[in-house]
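Before any comments, here is the structure.
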Amino acid sequence: MKKNYNLAISLKFCNLFLFTIMSVLMVTLGSKLHVIQISFLRVFFGCFIAFLYLIIIKQNISFSLNPKVLTAYILRAVLNFAALVLWVKALHLLGLNEASAISYMVPIWTTLLATLFCGEKLNLKCVGAIFVSLIGMFIILKPNIYEFKVEGLIIAFASTLMWAGYDITCKKQTTTEHYMLQTFYTFMWSSVISFPFALYYWQPVEMIDIFDASIISVIGVTNVTVLFLSYKFAPITVLMPFSYCRLIFMGIASYFIYNIHPGSHLIIGACVIASASFYIFIEQKKGKLKVDLQ
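Residue 0 is where the sequence shown starts when you use numbering that gives the first Met the number 0, and the numbers rise one by one after that.
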């Protein structure tokens, strides 16, 4: 498919916006249900939503997949679920700020893996923007590295590698698989893999919980589909600097929903991140940012 950086970046921002909404809703529902149960309900309902959409667009659905394709989908589901479990564990061991600081290593791992497994050239402007954004992230979170626990560090880093592996697997399949088929198979296998764990933590659910989970599923399906499309239109190395804008979206959501006023460190860090992302956007608009496949 022809590259379209403008569209890919717009889709990436849409992905970050939807992820923020989904996170807020999951936190709200998480006050009543276990996070693993919520995650299962999200992918379970999402599977049916994606299936209905495939029927509407009359896309052929095959349950007899090529072994290589099937392995890739199962790998994606395993990486996604394992990353979530490790992330929750890291939150308990390190706390929100410190675990969040480490989680923003994902764009760096993803960029490096993209050069190794996706044949993408390492663009120095993109790498520079990633590290500038990383500085902005540390300004916002102000993590105290002296209070880190070794076990928590290892688990958190393992989680970031899992997320990066998931992104790379997604990117490789976007060149051969229909974007909605990717969404359907990803949610289907995630449901299968997470079901035994959800069953272990299962708590009684009410109709309002089912409704909330359904809304989260709709947003989740849209979010994943938008992400897959963004990977179709641009290399990962171009999109990764924009991943740090999630902090800005989260900060805005915290202000309007939880009435948490941003401190000076959040404003300064957000400006640093926004500047790095704006620089990459301007460079690609000028046609100076070309990341071709090797």
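For glycine and all other residues, C-beta sits at the position ideal for the given N, C-alpha and C.
Residue i versus residue j: straight-line alpha-carbon distance, rounded
| i | j | result |
| --- | --- | --- |
| TRP108 | LEU92 | 22 angstroms |
| ASP166 | ASN258 | 33 angstroms |
| SER38 | ALA113 | 27 angstroms |
| SER276 | PHE130 | 11 angstroms |
| THR185 | THR110 | 22 angstroms |
| ASN3 | VAL204 | 44 angstroms |
| ASN59 | LEU53 | 8 angstroms |
| LEU115 | THR236 | 12 angstroms |
| CYS46 | ALA269 | 35 angstroms |
| PHE62 | ILE8 | 33 angstroms |
| PHE196 | LYS57 | 34 angstroms |
| VAL225 | LEU123 | 26 angstroms |
| SER213 | GLY262 | 35 angstroms |
| ALA82 | ILE55 | 32 angstroms |
| LEU40 | GLY127 | 39 angstroms |
| ILE281 | TYR199 | 50 angstroms |
| PHE183 | VAL223 | 10 angstroms |
| ASP208 | TYR278 | 43 angstroms |
| MET206 | ALA89 | 31 angstroms |
| LYS67 | ILE267 | 46 angstroms |
| LEU292 | ALA71 | Caution applies to LEU292, whose pLDDT of 44 falls short of 50 and renders its modelled position unreliable; the model cannot decide the point. |
| ILE256 | LEU15 | 17 angstroms |
| LEU51 | THR168 | 25 angstroms |
| SER102 | GLU150 | 15 angstroms |
Identity of the residue in the options nearest residue i by Cα
| i | options | result |
| --- | --- | --- |
| PRO234 | CYS125, CYS46, VAL87, MET161 | CYS125 |
| LEU238 | SER229, ALA82, VAL105 | SER229 |
| LEU246 | THR175, PHE137, LYS170 | PHE137 |
| GLN172 | ILE218, GLU205, ARG75, TYR199 | ARG75 |
| THR175 | VAL34, LEU64, GLY45, ILE56 | LEU64 |
| MET104 | SER132, VAL87, PHE116 | SER132 |
| ILE153 | LEU85, SER274, THR224 | LEU85 |
| ILE73 | MET187, ILE256, SER274 | MET187 |
| VAL34 | ASN14, VAL87, LEU15 | VAL87 |
Inter-residue CB distance, residue i and residue j (contact presumed, cutoff 8 angstroms)
| i | j | result |
| --- | --- | --- |
| ILE272 | GLY135 | 4 angstroms |
| TYR243 | PRO106 | 7 angstroms |
| LEU69 | MET161 | That belief does not hold up - the Cβ atoms of LEU69 and MET161 are roughly 20 angstroms apart, past 8 angstroms. |
| PHE227 | PHE12 | Going by Cβ atoms, the distance from PHE227 to PHE12 rounds to 15 angstroms, so no, they are not a contact pair. |
| SER216 | PHE80 | That belief does not hold up - the Cβ atoms of SER216 and PHE80 are roughly 16 angstroms apart, past 8 angstroms. |
Cut-off 6 angstroms between Cβ atoms - residues of its own chain near residue i, not counting five sequence neighbours on either side
| i | result |
| --- | --- |
| LEU32 | GLN202 |
| LEU6 | PHE232 |
| LEU10 | VAL225, LEU228, SER229 |
Distance cut-off 7 angstroms: residue i Cβ against heavy atoms of the ligand MN
| i | result |
| --- | --- |
| ASP208 | No copy of the ligand MN occurs in the structure displayed, which carries no ligand at all. |
Proximal residues to residue i (C-beta, below 8 angstroms), its chain only, five neighbours per side dropped
| i | result |
| --- | --- |
| ASP311 | The structure shown does not extend to residue 311, since the chain is modelled only from 0 to 293, so the question has no answer here. |
| HIS177 | GLN58 |
Cβ neighbours of residue i in the same chain (closer than 7 angstroms, five flanking residues each side left out)
| i | result |
| --- | --- |
| PHE43 | SER190 |
| ILE48 | SER216, VAL217, VAL220 |
Exercise. Quick one: any contact between the stretch 18–25 and the stretch 147–158, if contact means 3 or more CB pairs under 8 angstroms?
Worked result: no
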